[in-house]
Amino acid sequence: MNRPALFSLIIIALTSSLSFDCQADSLGMSNVRFSANIVTWSCTISSASQNITVNLGQWNTRSYKSSGITTIPTYFSISLNNCANSSVTTTFSGKSDPTNDQYLALDSTSTVENVAIELLDSDKTELPLNKESHAVIVGSSGNATLGFYARYITTAKAVQAGTADAQATFVINYR
13 MNRPALFSLI IIALTSSLSF DCQADSLGMS NVRFSANIVT WSCTISSASQ NITVNLGQWN
73 TRSYKSSGIT TIPTYFSISL NNCANSSVTT TFSGKSDPTN DQYLALDSTS TVENVAIELL
133 DSDKTELPLN KESHAVIVGS SGNATLGFYA RYITTAKAVQ AGTADAQATF VINYR
């Protein structure tokens, strides 16, 4: 037998015997089950709905002398296209007002105090931040319009005049 072949056999014999000597005791066997739903792309948000500005109007401070007083709600919508037949909900998020975390706080550029923005669902029921809206069924056309309202709400007495702006983001939830 030639030397390289003999050397290879010796190495194989040594490593195979070493591997058997180093085995650990088995602790038993368990199963892991993985599951997922693979779905097609659900919808697209129309270009007009990707950056929405809702003008909540101009209001006189004399009308808002205590906490909980609201302005007239302003309608806005989010349009979806190319959806599969399903239902969708919307969740709005943003900085919450320190007096009530269901309301959207005004941003740091605002000069008004004691005012927040309250979001409402399509039927004008309160829609707290970080909560899902009512479900909207997407029909066979593949298009849907999700309607909402927003309004100012006073969070304390003594509302002062000035700017009152806020920013929120939304997530579309598919079912």
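Take the sequence shown: its position 155, counting from 1, is numbered 167 in our numbering, and each next residue is one higher. Each residue gets a CB set at the ideal place from its N, CA and C atoms; glycine is no exception.
In the structure shown, R74 adopts helical secondary structure according to DSSP, grouped into three states. Counting only runs that start and end inside the stretch 83-141, the beta strand (DSSP E) elements of at least 3 residues fall at 86-93, 98-106, 112-116 and 127-132.
When the five nearest sequence neighbours on each side are left out, the beta carbons in the same chain lying within less than 6 Å of the beta carbon of T181 are those of S105, in order along the chain. For G159, the beta-bridge partners assigned by DSSP are S89.
Between A162 and L68, the gap from beta carbon to beta carbon is short of 8 Å.
Shown here, A60 sits in a helix according to DSSP, grouped into three states. In the DSSP assignment, A180 falls within the beta strand (DSSP E) that extends over A180 to Y186.
Per the DSSP secondary-structure output, V148 pairs in a beta bridge with V100. With 16 or more other CB atoms across the displayed protein chains lying within 10 angstroms of its CB, Y115 is buried. Ranked by Cα distance from D113, the first of E130, S79 and S75 is E130.
In chain order, T103 and S105 place their CB closer than 7 Å to the CB of N142, counting only its own chain and leaving out the 5 sequence neighbours on each side. Assignment of T166 by DSSP, reduced to helix, strand and coil, places it in the strand class.
For the pair L92 and N185, the CB atoms are not nearer than the 8 Å cut-off. Residues Q114 of the same chain have their beta carbon placed closer than 6 Å to that of P140, with the five preceding and five following residues left out of the count. Here V127 is near V171, since their CB atoms are less than 8 Å apart.
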